[in-house]
Each structure stands twice: as C-alpha cells, then as structure tokens.
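Let me begin by presenting the structure, written as structure tokens, before commenting on it.
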Amino acid sequence: MNNIDQVRMLELPERGDERGNLVIAEGGSDIPFDIQRVFYIYGSDPDIVRGCHANRDSEFVLINVAGSSKVKVLDGEGNEIIYILNRPKTGIYLPKMVWKEMYDFSADSVLLCLASTHYNESEYIRDFDEFVKIVKENNL
Ligand code: TYD
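Numbering (our numbering), first residue to last: 20 to 159.
Structure follows, in structure tokens:
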C-alpha cells in the first residue's frame, strides 16, 4: 500500500454536556500510535506555508482545535490530496514518509499536532527532490 493511502480523517470521541464540549484523543486508541510529543502552531498568516517536509520515522495527527487550515499531502509519485481542518474533533492521520504542507491558516487557527516520536531533526526530509529520490529508491 502506498503511504498516501493510509492518510485518513479521524473522528475523535466527544463527551459534551451542558457545561461545554470535551474531545478525547487517547494514544493507542483514538490516535493510532502512542503519543510521544505534542506541539501546536498558531499566529501563522494566511499566506504562510508550513511543514514542507516528510518524516522517515514520525507519524502525526493534526487537529485544528480552533479556526481552520489546509493540509496538502504528496506521495512523491505525483499524487496529492488536500484536506481542510476546521473542526476541533476531527483530525488527519499522517503516516511516515509523506510530504506535507500546511497553509491557509485562519487568523484564529490553533493547529494541534500529535507525534509518535520525540523530536529528532535527522529524520526530517526538508528537500522535495530528495524525498522523491528516497521514495523511488525504496519503492515506497
Ligand atoms: P518546523 O519543523 O520548521 O515547523 P513546521 O514544519 O511545523 O512548520 O519547526 C520549526 C522549528 O522548531 C525548527 O527549528 C525545529 C523546531 N522544532 C523542535 O525543536 N521540536 C519540534 O517538535 C518541532 C515540531 C520543531
């Protein structure tokens, strides 16, 4: 299976009541990996493109807990999918070795990112041509 075929939207369980909403993202069940790292992105202007990398080892789930953004996912073989994130209880699952770009951030966008690994810059591929080469060489 091509890595991009594993990309999917996740509907997180919500336990809302009269006091408000509560969304659950439990590692290993709601999130398809153990969560090792959490970071969040906010204050990016709408014309900014973030990400622009692939990860050799890390899987991610991205959730716009406020506002909206878009995520473009490329497989390095000419296929791409664009997702819109605009619900606090809907995330996108990104497997390892897909190229991703986040853009079109709304002014109130808070993009929560859950990762399966601790941060390690050496597993980031930040050059698209290099990504395409690695995909080709490894038949990914
Ligand atoms: P970067 O990967 O460029 O962010 P994005 O892809 O989301 O636009 O990361 C920005 C900076 O933050 C870069 O110097 C690496 C650092 N960083 C960490 O130290 N730890 C982390 O977990 C992440 C995601 C980034």
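We treat Cβ as the ideally placed atom computed from N, Cα and C, and that holds for glycine.
Within the stretch 60-112, complete beta strand (DSSP E) segments of at least 3 residues are found at 69-74, 79-85, 88-93 and 99-104, given in chain order. Note on geometry: alpha-carbon atoms of Leu104 and Gly62 lie some 16 Å from one another.
Residues of the same chain with a CB within less than 6 Å of the CB of Ile54, apart from the 5 flanking positions on each side, are Gly46 and Leu133 in chain order. By the criterion of a C-beta distance shorter than 7 Å, Ser77 is surrounded in its chain by Lys115, Ala134, Ser135, Thr136 and Glu142, once the five residues flanking it on both sides are discounted. In this structure, Tyr112 lies away from Val84, with their beta-carbon atoms at least 8 Å apart.
In the structure shown, Ile23 falls within a helical segment according to DSSP collapsed to helix, strand and coil.
When C-alpha distances from Lys119 are compared across Val129, Asp127, Asn139 and Ile144, the shortest belongs to Ile144.
When Asn139, Asp24 and Asp94 are compared, the shortest CA-CA separation from Val117 is found for Asp94.
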